[in-house]
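Structure, as structure tokens:
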Amino acid sequence: MSQGQFLSNCAADTLSNAAESLKNGALVAFPTETVYGLGADASNEKAVARIYQVKGRPQDHPLILHIATMNEITYWAQNISDYAIALARSFWPGPMTLIFKRSDAAKDFVTGGQDTVGLRVPDHSLALGLLQECKKIGLHAIAAPSANRFGHVSPTTAVAVQEEIGAYLSAEDLILDGGAAQVGLESTIIDCTGDAPRILRPGAITQVMIEETTGLKVSENNNSDIRVSGSLEKHYAPNAQIFLDVQASEGQGFIAPSNVATPPGAIRLASPQTTDEYARVLYSALREGDAQGLKTIAVIQPTGDGLAIAIRDRLMRASKGR
Ligand code: TXA
Ligand code: MG
């Protein structure tokens, strides 16, 4: 049974009420172009603590702060490099999170005690509308992880949010329905604290796009103590066990590009025609497998680079044993 209020028609007054709810310490789940987020006022320690409770997430994992415009960068961060500004100008609003050295405003309770802070301007009209309303009443950011239980598949629809975490929400909390996420995979995370950008989590903003925009070679240096929970081995996982690049047997789930035929007796969960479509439908296909009670899902991965790299990254983690 869901405790949070599910709101389907998010008109302007709904967004201003949702901003007030955030100010009062409630949680608001909201759509972005990547996946749905579970938001709290980034300056409210109690509200942020509830995100960790609802997700069942370890306290030392940092949250991404969602901001209305790049003007908010200097409120939350310092030592902003020119290449980071170039990235923000080119790709915000969009599926990209930038990691900076934090300012005094970014407290330990949102950064997981780290000296850095992750910022993103999401590209979704509801998310941007909500952030504008927040700004009007003095909130500088919405701290939001993906709105799933820790380690599970991120939700790409409001119904998936309700199924994942609805039971853990309170009557004051809200779930805003903004339709299915357009990208379907979490944002690219880029560490901007060094001399050159470094990709911590691949996504729709690719290495080529970053290098073209900044004129810098993306750093390959992996020696870092920056923690990214999405880079834990086992993550983004459905209940079903995932097998990669094998044919499905009878009774098993099957996800593959549309040009791959369904093996006899397998249960086809998705047939994406393009890499973009693959990213968009992947998480709902994994959820559908769970909804059907499937024990195993065989997945033929997309080939190539760009977004296919991010899809294979998530599938590799989803396939790790529990
Ligand atoms: O697309 C997205 O990024 C979605 C939407 C809701 O914006 N959010 C999302 O949040 O995927 P989450 O918390 O599920 O994953 C964010 C990742 C985590 O792995 C976290 O460790 C990392 O970002 N992160 C956040 N702040 C960081 C920081 N200061 N340094 C390093 N990693 C950070
Ligand atoms: Mg997540």
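Per our numbering, residue 483 is the first one in the sequence shown, and the count goes up by one each step.
Note that the Cβ used here is the ideal one computed from N, Cα and C, for glycine as well.
| Can you pull the DSSP bridge partners for V510? | G521 and L656
| request: With a threshold of 7 Å, establish whether the CB of P745 neighbours any heavy atom of the ligand MG. | output: no
| Is N499 near the ligand MG, going by C-beta to nearest heavy atom under 7 Å? | no
| Buried or exposed: where does P754 fall if 16 or more other Cβ atoms within 10 Å of its Cβ makes it buried? | buried
| field | Rounded separation between G676 and I567 - CA only | value | 14 Å
| request: Could you have a look at F457 and say whether DSSP puts it in helix, strand or coil? | output: Absent from the model: residue 457. The displayed extent of the chain is 483 to 804, so no value can be given.
| task | Would you kindly check if the distance between the Cβ of G685 and the Cβ of P784 is under 8 Å? | result | no
| request: Look at the Cβ atom of K583, then the Cβ atom of A559, and state whether they are nearer than 8 Å. | output: yes
| For V635, does the three-state DSSP call read helix, strand or coil? | coil
| Between K777, A752, L776 and I779, which lies nearest to S766 when the distance is taken from Cα to Cα? | A752
| request: With a threshold of 16 other CB atoms inside 10 Å of the CB of I657, please say whether the residue is buried or exposed. | output: buried
| Using DSSP with H/G/I as helix, E/B as strand and the rest coil, what is K583? | strand
| message | Can you tell me where the alpha helix (DSSP H) holding Q689 begins and where it ends? | response | Q689 to T696
| query | Sorry if obvious, but does the Cβ on H548 come closer than 7 Å to a heavy atom of the ligand TXA? | reply | yes
| said: Can you tell me which residues form a DSSP beta bridge with G735? | reply: I749 and I779
| query | When DSSP builds the beta bridges, which residues end up paired with A559? | reply | R584
| request: Pick helix, strand or coil for L651, following the three-state DSSP scheme. | output: coil
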